[in-house]
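J.: Residue numbers (our numbering), protein chains in the order written: chain A, 1 to 313; chain B, 314 to 410; chain C, 411 to 523; chain D, 524 to 1024.
Right, dumping it as structure tokens:
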């Protein structure tokens, strides 16, 4: 136990240390690289908190996909001059006081949370058999709080629309700029050829086992997304035109299927977003399959950014 | 039998951790990027191989053991590619994308 | 100290660090990093709440964990939109400033802000 | 409160109110800009009918309408609840969004021959997303579900602020986005603490289980700070003027009239519905003081703006300030409490209509004159009488002169502050009215001169009619009957006491 405690303390110090380094780093690129490493460390913290589903999500999305997004942004923004004046000592002092205050109030609030803690774990488990699932986290996402998840998928596709909406008018309908350089590294091309099919299998498998074990639509979709981005980085394929009908259908498939089956709830099971008794699991997996597709399409589109006319040059 | 296996795990994982440590020392202490890369990749690959080897006897059934081996192969593939790319970038003296 | 108490300090520390960086940094991408660090701290608080909800055979309360998964995905979408805005702003103006009245060379009127 | 956990008659309407615009977003995304316009405008009458039906249902039942999603009661599931204020706000949104949409048809149509264009795609999708987000905010009973709605609102509002695609709109949008993200993440942090303390995020259950704990005080402070940043309450208002003033007129109308009210609505939900049993340590007075600061600061800056849209944007900061007087004046179990409550909510409604009308009028002026510099308005009122009538009627409500919704609101707030002996708020209300008179006079006075004016284009009659209608609604609110205020009080917690010792 002492060993675990020491490990937890060391991990905590490491996470806070890397976070501080990220924030203090002078160059943006360095800060971003620090942030990616920090995302992986956080995934370990999640494992220690008995949250394997979150750990997978954090590693794939928080560390991985966000990392690609921020690194490509920093290489494109890094050379621009900063125009805003650096903050004065008074502002820095004020910010330090406020931040320290917020952190200590928060730490105190967490430590003095009531004991024994309230929990929905037994209740979530009691309803688990009705869903046919074995993973309670997946059950919360897709069944108990399905309304949240459906709306959150709408938020995601709306974010894509938001990203596209900042495009210059003349490039509307075209493709976003390719990821990576014009002549990719031969090693990267090799990696993409080998890894992409393997990764695709792993992504689908992660969604499939997510019904009963750690994993699920988000994590599986994120891995598929990463594979698509890898293939684009190796220039084996280029970003799609945003006017493509197929692309748009793939984008909305997840939330649309979710919404329609939610609307069919009263017919199937007597209430919106309810699943038919004894037949819940196939319906859930059907919805999740479309969600995997939509997540795999959405995440790379968010990284690619708006169409900018560089494609085909 | 189980004591032998336990001992094997302890030795193999311990050796693996040692090589990881060595790789990290190389990353921090070596003078230029190429030798850092060299030290890191060599030592870490060996370290990971030893850790995976040590963990295989702990697997309850063949499937998790197989997963460990697949994991090892994937990491090898990834690190080899990245090392190659970093090396290429260093030779071109370009900032790494 | 249990893992969740330690994680509580980490979460609080990350929120504090991120808040400081959000106020003090002028570079937009660093502000975005700061926002993400705050977000990680917030998610950790959810994680601690989930872990504290361990009852009997259940090692965690799944409800807050599911909320974190939703939160991580939304935070990523927010980052992506912010990056798209920054890149477009840089293209249009040659610099990235938070001050809509300054440094743009566009006649905005002489308002006070 | 357990009775609130069962689906009531008409509960399904709440699901439809949310899913209609949500489905609209998805369909528009798949089909492109031209279809998006049709979907947005075509679904608006349906949304209006749903909002009216919810209102009738709540009025008839005399208590909140509830829908338990998937039949799974909170705490494990999510319940939607519409009370009096939900219905009135839902109806307000169902009126102002289509008004802005109809006004925008001229500027955001897809060019002939094309199926899709950037501006049309962005505008019509974001407009529907604002409807969806506000519908959730007004009827959801779950704090995490409301977080998702807040993010939906952010992702809809920020692109609207920069839909013109100029550098300064991107800068304004970026600042807006960062404030909004800061706001949501602090809101979420508070929600995490509340879940940790009580094991639920359902508003009714939280109110039942509420007791003073360190985590609750921290959560209240964090969530309030986050929501204030999103509502642009002084001193967290910095993002609002550039974002609202640089957006196209119909977008500004929705952003200023409705979007900032979404986070204000949640602040009210938090303090009056979730936390009424929490000793507030002067939180209500602090919010009132910040609101007062906003009234004075916003009005003074509005007086100094050279451009009409900026003036209107700063006036929004001032008028938001009044809303926060609801916390000191609308809480407790006093004879004056209901005056404060009714006044604060009436101010939300009056400002929503008046401000939307004024931003649309400013847009018309910009179209016809080619600028919105107040100093060069000389004589414009003679050639665009309806537009200036709109500005005048909207201004009437901002000043709080009878007859107008603004007058009703400020009169009620004034009465509450006098009855409660909290004179400071009364002074603020009066001073704010005086300053508002000053900036409205600044707009109208030069325009009424008889100087000759050259118009670039004659004003759009349809646009003028829409703006004027909204201004007339703001005026008509001043004649709201007693039953209207009874409606506002349906489902209001018996102990709406943000400051009870």
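All C-beta atoms, glycine included, are put in the ideal place defined by N, C-alpha and C. Please read these numbers as outputs of a predicted model, since none were measured by experiment.
My assumption, with CB atoms under 8 Å, is that residue 421 of chain C sits in contact with residue 110 of chain A. Please give the rounded CB distance.
T.: Right, the Cβ-Cβ distance comes to about 7 Å (below 8 Å), so this counts as a contact.
J.: So, is the C-beta of residue 173 of chain A closer than 8 Å to a C-beta in chain C?
T.: Chain C, which has no Cβ nearer than 8 Å to the Cβ of residue 173 of chain A, makes this no.
J.: Taking the Cβ atom as the reference point for each residue, do residue 679 of chain D and residue 653 of chain D lie within a distance shorter than 8 Å?
T.: Going by C-beta atoms, residue 679 of chain D is nearer than 8 Å to residue 653 of chain D.
J.: State the beta-bridge partners of residue 665 of chain D as determined by DSSP.
T.: Paired residues: D:725.
J.: Please work out which residues of its chain come closer than 6 Å, Cβ to Cβ, to residue 951 of chain D, disregarding the five sequence neighbours upstream and downstream, and give them in chain order.
T.: 815 and 818, listed in sequence order.
J.: For residue 681 of chain D versus residue 162 of chain A, is the C-beta spacing smaller than 8 Å?
T.: A contact, by the Cβ cut-off of 8 Å.
J.: Going by beta carbon distance, what residues of the same chain come within less than 8 Å of residue 199 of chain A, once the five residues before and after it are set aside?
T.: So the qualifying residues of the chain are 223, 224, 226, 227 and 230.
J.: Helix or strand or just coil, what does DSSP make of residue 976 of chain D?
T.: If DSSP states are grouped into helix, strand and coil, residue 976 of chain D belongs with coil.
J.: Helix, strand or coil: which one does DSSP assign to residue 468 of chain C?
T.: Strand.
J.: Answer with yes or no whether the minimum CB distance from residue 194 of chain A to chain B is below 8 Å.
T.: Chain B contact via Cβ: present.
J.: Can you list, in chain order, the stretches of the alpha helix (DSSP H) that have 4 or more residues and sit fully within the region 549 to 599 of chain D?
T.: Correct list: 556 to 584.
J.: Note the first and the last residue of the continuous alpha helix (DSSP H) segment covering residue 625 of chain D.
T.: From DSSP, the alpha helix (DSSP H) with residue 625 of chain D extends over 607 to 627.
J.: DSSP puts residue 307 of chain A in a beta bridge; with which residues?
T.: A:176, per the DSSP bridge assignment.
J.: Hey, is residue 441 of chain C's beta-carbon within less than 8 Å of any beta-carbon in chain A?
T.: Not an interface residue.
J.: Compute the Euclidean distance between the alpha carbons of residue 37 of chain A and residue 648 of chain D, then round it to the nearest angstrom.
T.: If I take the Cα positions, the gap works out to 37 Å.
J.: Under 8 Å, do residue 155 of chain A and residue 484 of chain C count as touching if we go by C-beta distance?
T.: Taking 8 Å as the Cβ cut-off, residue 155 of chain A and residue 484 of chain C qualify as a contacting pair.
J.: In three-state terms, what does DSSP make of residue 443 of chain C?
T.: Residue 443 of chain C falls in the helix class under three-state DSSP.
J.: Do the region 935 to 946 of chain D and the region 862 to 876 of chain D make contact, defined as three or more Cβ pairs closer than 8 Å?
T.: Result yes; three or more Cβ-Cβ pairs closer than 8 Å.
J.: Taking its Cβ as the centre, do 16 or more other Cβ atoms sit within 10 Å of residue 246 of chain A, making it buried, or is it exposed?
T.: By the 10 Å Cβ count, residue 246 of chain A comes out exposed.
J.: For the pair the region 426 to 434 of chain C and the region 92 to 108 of chain A, tell me if three or more CB-CB distances fall below 8 Å.
T.: Contact holds: three or more Cβ-Cβ distances are below 8 Å.
J.: Need the endpoints of the alpha helix (DSSP H) that residue 836 of chain D sits in, please.
T.: Run containing residue 836 of chain D: 831 to 846, per the alpha helix (DSSP H) assignment.
J.: For a minimum of 4 consecutive residues, which ranges assigned as the alpha helix (DSSP H) are wholly contained in the region 931 to 993 of chain D?
T.: Here the runs fully enclosed are 946 to 970.
J.: Ends of the alpha helix (DSSP H) at residue 746 of chain D?
T.: Segment 737 to 754, the alpha helix (DSSP H) holding residue 746 of chain D.
J.: By how many angstroms is the C-alpha of residue 923 of chain D removed from the C-alpha of residue 639 of chain D?
T.: C-alpha separation (whole angstroms): 44 Å.
J.: Give the secondary structure of residue 896 of chain D by DSSP, where H, G and I count as helix, E and B as strand, and everything else as coil.
T.: Correct three-state label for residue 896 of chain D: strand.
J.: Taking beta-carbon pairs under 7 Å, can you tell me which members of the region 427 to 459 of chain C lie near chain D?
T.: Listed by position along the chain: 432, 438, 441, 445, 448, 449, 452, 455, 456 and 459.
J.: Give the interface partners of residue 667 of chain D over in chain A, defined as CB-CB distance under 9 Å, in chain order.
T.: Ordered by position in chain A, the residues that pass the 9 Å Cβ test against residue 667 of chain D are 145 and 148.
J.: Give me, in chain order, the residues of the same chain whose beta-carbon lies closer than 6 Å to that of residue 992 of chain D; leave out the 5 immediate sequence neighbours on both sides.
T.: Closer than 6 Å at the Cβ level, and outside the excluded window around residue 992 of chain D, lies no residue.
J.: Can you check DSSP and say which residues form a bridge with residue 603 of chain D?
T.: DSSP output for residue 603 of chain D lists D:590 and D:663 as bridge partner(s).
J.: Taking 8 Å as the limit between beta carbons, can you name the residues of its chain near residue 363 of chain B, skipping five residues before and five after?
T.: Answer for residue 363 of chain B: 325, 326, 328, 329 and 332, listed in chain order.
J.: Straight-line CA distance for residue 371 of chain B to residue 413 of chain C?
T.: Each residue's Cα considered, the two are about 25 Å apart.
J.: Taking the alpha carbon of residue 358 of chain B as the reference point, which residue from B:338, B:378, B:392 and B:346 has its own alpha carbon closest?
T.: Among B:338, B:378, B:392 and B:346, the Cα nearest to that of residue 358 of chain B is on B:392.
J.: Along the alpha helix (DSSP H) that carries residue 807 of chain D, what are the first and last residues, could you check?
T.: Unbroken alpha helix (DSSP H) run through residue 807 of chain D: 806 to 826.
J.: Does residue 867 of chain D come out as helix, strand or coil in the three-state DSSP assignment?
T.: It is helical.
J.: Would you call the region 981 to 1000 of chain D and the region 866 to 876 of chain D in contact, with 3 or more CB pairs under 8 Å?
T.: Touching, yes.
J.: Just to make sure I have the definition right: I need the residues of chain B whose C-beta is within less than 8 Å of the C-beta of residue 191 of chain A. Which are they?
T.: Result: 390, 391 and 394.
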